[in-house]
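Worksheet: one structure, shown below.
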């Protein structure tokens with residue numbers, strides 16, 4: 001039984017991700033049950049999440065995780081099945097989620113995993129959902145609002161990258177759950193149509209083809225109460241010119257800066273935070289484990305009631321993971337990018 005592995009072979013330069021040449025796919029030996037130590041499990045990794053922050057991880061920068069350096073195996077969040085266990089926490093047949101290597105099979109410490117289902121089967125859509133609405137994407141949107149944004153009914157909420165994995169859930173939470181006026185920002189008419197017609201935003205600004213400042217003045221005449229920022233850079237700077245008293249700015253991502261190789265963009269309009277007594281705060285979803293259960297309960301209820309639409313951009317085969325990441329960074333994805341590790345994997 002062969003084991004695929006995706007390895008970083010060089011740090012990305014200014015040509016990446018247009019030139020996608022920083023990874024290689026290797027065939028390696030598969031770990032065996034005999035190699036297990038106490039507190040470890042043997043995993044079959046089934047579904048991988050592709051996230052924009054991975055661009056920072058492969059740059060060599062130290063963040064909340066150790067950087068991926070040339071020669072290292074790439075990693076990310078995945079849904080996996082336990083094939084064998086020497087752990088007191090997990091047993092054979094369990095489904096778990098955690099930060100794992102981009103490999104088909106792996107031995108890992110049980111401390112790095114969380115149980116999502118005890119035995120039985122899951123299908124592809126369920127696997128994807130634990131990486132999307134019930135996982136990192138959904139919890140990031142919910143926790144950003146609950147911990148920082150605190151939207152009130154009737155307020156104006158603006159969300160950048162509104163057609164993305166976190167953005168599409170944030171739009172629907174803001175409109176349906178928090179009952180706010182929602183303005184999305186996305187790139188291109190197709191994405192803006194999706195944000196308005198499918199996700200239900202009151203309007204969407206096509207930043208690639210429209211004047212952002214002019215459209216914000218038209219759509220937010222009383223200012224922005226909550227801004228969910230997935231982009232950073234110049235867009236954040238422009239948003240600061242349209243905030244109102246006590247605006248809450250949720251710093252979730254900065255995809256506009258991830259591919260920059262030169263001097264980073266410097267935000268100039270930050271004094272507006274003082275004048276407007278506004279709050280601008282960054283966060284990571286795992287800072288707030290106390291919000292996991294209420295977040296998953298809220299999103300599950302919305303799904304059951306048909307109030308939450310989710311799109312998955314599925315890459316078939318672990319060898320396609322580098323292409324999935326490049327696609328996301330280029331803004332060519334439609335929804336949450338996930339990788340089905342084995343393209344011929346049957347429905348479980």
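Residue numbers (full-length UniProt numbering): 1 to 348.
For glycine and all other residues, C-beta sits at the position ideal for the given N, C-alpha and C.
Cβ neighbours of residue i in the same chain (closer than 6 Å, five flanking residues each side left out)
i           : result
residue 50  : 324, 325, 328 and 337
residue 170 : 141, 159 and 228
residue 254 : 232
residue 317 : 343
residue 311 : 334 and 335
CA-to-CA distance, residue j to residue i, given in whole angstroms
i           : j           : result
residue 264 : residue 233 : 8 Å
residue 2   : residue 86  : 23 Å
residue 211 : residue 240 : 16 Å
residue 20  : residue 58  : 13 Å
residue 308 : residue 321 : 26 Å
residue 151 : residue 71  : 45 Å
residue 23  : residue 153 : 46 Å
residue 180 : residue 275 : 24 Å
residue 186 : residue 217 : 17 Å
residue 247 : residue 172 : 20 Å
residue 29  : residue 204 : 49 Å
residue 31  : residue 272 : 56 Å
residue 143 : residue 288 : 7 Å
residue 215 : residue 137 : 28 Å
residue 66  : residue 256 : 22 Å
Beta-carbon gap between residue i and residue j smaller than 8 Å
i           : j           : result
residue 224 : residue 243 : yes
residue 91  : residue 43  : no
residue 258 : residue 52  : yes
residue 162 : residue 195 : yes
residue 100 : residue 84  : no
residue 135 : residue 175 : no
residue 104 : residue 4   : yes
residue 230 : residue 157 : no
residue 81  : residue 113 : no
residue 8   : residue 74  : yes
residue 110 : residue 41  : yes
residue 10  : residue 60  : no
residue 115 : residue 96  : yes
residue 269 : residue 245 : no
residue 208 : residue 184 : no
Enclosing alpha helix (DSSP H) for residue i [first to last residue]
i           : result
residue 214 : 212 to 219
residue 193 : 189 to 193
residue 137 : 136 to 144
residue 302 : 292 to 304
residue 168 : 165 to 172
residue 56  : 54 to 57
For residue i: DSSP bridge partner residues
i           : result
residue 114 : 97
residue 204 : 184
residue 8   : 23
residue 243 : 224
residue 316 : 340
residue 280 : 249
residue 130 : Its beta-bridge partners do not exist; DSSP assigns none.
residue 109 : 40
residue 49  : 338
residue 229 : 251
residue 72  : Looking at the DSSP assignment, residue 72 forms no beta bridge with any residue, so it has no partner.
residue 3   : 28
residue 103 : 5
Chain-order list of residues whose beta-carbon lies under 7 Å from that of residue i (same chain, five-residue window excluded)
i           : result
residue 292 : 139
residue 164 : 230
residue 341 : 45, 46, 47, 48, 104 and 318
Where the beta strand (DSSP E) containing residue i begins and where it ends
i           : result
residue 156 : 156 to 159
residue 337 : 336 to 340
residue 78  : 75 to 85
Interface flag, residue i vs chain D, CB-CB below 8 Å
i           : result
residue 123 : The question asks about chain D, but that chain is absent: this structure has only one protein chain.
Near the ligand SAM: residue i beta-carbon under 7 Å from a heavy atom
i          : result
residue 86 : As for the ligand SAM, it is missing from this structure, which has no ligand bound.
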